[in-house]
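A.B. asks: No gaps in the numbering here: position 53 of the sequence shown is 52 in numbering that gives the first Met the number 0, and each next residue is one more.
I'd like to ask you about the structure that follows.
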Amino acid sequence: MNQLISLDKINEVKQWLLSKKKYLSDIPFDLDLIENEVVDSLSFVEYVLLIEEISGREVVVDDTVLDKVRTLDRVQLNYME
């Protein structure tokens, strides 16, 4: 996939997260979204569905999913490239 398209897609995810957490002005791509409660248990399903919608790829919810979606860097690597 074209790197610019990949960057556009991950920025869509980032903007969605920022819209949900108005107190944040930015989200570093290496920030642990779960540990820092940017994505919590209530928003996790919506977050996964958004990744699927933007990437066009299924996010299999198994033992590895948390590691694959923990940071924006990992989301980009696992679902946007």
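Backbone N, C-alpha and C define an ideal beta-carbon position, used for all residues, glycine too.
Source: prediction; values computed, not measured.
Below 7 Å CB to CB, which residues in the same chain sit around K13 once its five sequence neighbours on both sides are set aside?
C.D. replies: Here residue 13 refers to the residue found at position 14 when the sequence shown is read from its first residue. So the qualifying residues of the chain are I26, L71.
A.B. asks: Are the CB atoms of V74 and V68 within a distance shorter than 7 Å?
C.D. replies: Position 69 of the sequence shown, counted from the first residue, corresponds to residue 68. Position 75 of the sequence shown, counted from the first residue, corresponds to residue 74. A contact, by the Cβ cut-off of 7 Å.
A.B. asks: At the 7 Å Cβ level, is E45 part of the contact set with chain D, yes or no?
C.D. replies: Absent from the structure is chain D; it holds one protein chain and no more.
A.B. asks: Give the C-beta separation of S5 and E80 to the nearest angstrom, bearing in mind that I take them to be a contact with Cβ-Cβ under 8 Å.
C.D. replies: Walking along the sequence shown from the start, residue 5 turns up at place 6. Walking along the sequence shown from the start, residue 80 turns up at place 81. That pair is a contact at about 5 Å.
A.B. asks: Roughly how many angstroms separate the alpha carbons of V38 and Y46, rounded to a whole number?
C.D. replies: As a working note, residue 38 is residue 39 in the sequence shown. As a working note, residue 46 is residue 47 in the sequence shown. Answer to the nearest angstrom: the Cα atoms are 7 Å apart.
A.B. asks: Can you round the beta-carbon distance between I50 and Y78 to whole angstroms, since I take them to be within the 8 Å contact cut?
C.D. replies: One-based indexing of the sequence shown puts residue 50 at position 51. One-based indexing of the sequence shown puts residue 78 at position 79. Yes, they are in contact, since the Cβ atoms of I50 and Y78 sit about 5 Å apart, within 8 Å.
A.B. asks: When burial is assigned at 16 or more other CB atoms within 10 Å of the CB, is K21 buried or exposed?
C.D. replies: Along the sequence shown, read from residue 1 onward, the residue named residue 21 stands at position 22. Under this definition K21 is an exposed residue.
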